[in-house]
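Residue numbers for the sequence shown follow the working numbering, beginning at 648 and rising by one.
Report on the following structure.
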Amino acid sequence: MKILVDEMYEGYDDKLKEKGFANVESVKKLINSGMKLTSDFSVLNYARDNNMILVTADVENIKGCIENNMPCVAVSKTIVLETIVQELEKLKNDC
Numbered sequence: 648m649k650i651l652v653d654e655m656y657e658g659y660d661d662k663l664k665e666k667g668f669a670n671v672e673s674v675k676k677l678i679n680s681g682m683k684l685t686s687d688f689s690v691l692n693y694a695r696d697n698n699m700i701l702v703t704a705d706v707e708n709i710k711g712c713i714e715n716n717m718p719c720v721a722v723s724k725t726i727v728l729e730t731i732v733q734e735l736e737k738l739k740n741d742c
């Protein structure tokens, strides 16, 4: 499994590697290495051409993945809120 982490989640590539996902790249790091990935179109093409799962909160990228039948993890405020609630539930008996 190859994963591409969109710019807004810079640093999550390293966190995913720490969690055991070996094949993870970051859009930001690829841009810094000289690749031209500043548009949604370029990011989607890169993910498609490299058979990658895109991790993103960018609505246009999510739509592009759906329209082109590409795998993606659509990160939303709802998912973030659910995670916060789960963590708070774990901690509420400790406080």
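A virtual CB, placed ideally from N, CA and C, is assigned to each residue, including glycine.
Q) Are residue 743 and residue 652 close, meaning C-beta to C-beta below 8 Å? A) The displayed coordinates of the chain run from 648 to 742. Any statement about residue 743 would go beyond what the structure contains.
Q. Do residue 687 and residue 707 come within 8 Å of each other at the CB atom, strictly closer than that value?
A. In this structure, residue 687 lies closer than 8 Å to residue 707 by Cβ.
Q. In this structure, what does DSSP give as the bridge partners for residue 651?
A. Per DSSP, the beta bridge partners of residue 651 are 672 and 701.
Q. With 16 as the cutoff for other CB atoms within 10 Å, does residue 731 come out buried or exposed?
A. Classification of residue 731: exposed, given that the 10 Å Cβ count is below 16.
Q | residue 709 versus residue 692: straight-line alpha-carbon distance, rounded | A | Straight across, the Cα-Cα distance linking residue 709 with residue 692 is about 13 Å.
Q) What is the rounded straight-line gap between the Cα of residue 660 and the Cα of residue 733? A) Counting only the Cα atoms, residue 733 lies some 23 Å from residue 660.
**Q.** Where the beta strand (DSSP E) containing residue 732 begins and where it ends
**A.** Element bounds for residue 732: not the beta strand (DSSP E) but the alpha helix (DSSP H), 724 to 738.
Q.
At the level of alpha carbons, what is the spacing between residue 678 and residue 740?
A. So the two alpha carbons sit approximately 44 Å from each other.
Q. What are the boundary residues of the alpha helix (DSSP H) that includes residue 686?
A. Bounds of any alpha helix (DSSP H) do not take in residue 686, whose DSSP letter is neither H nor E.
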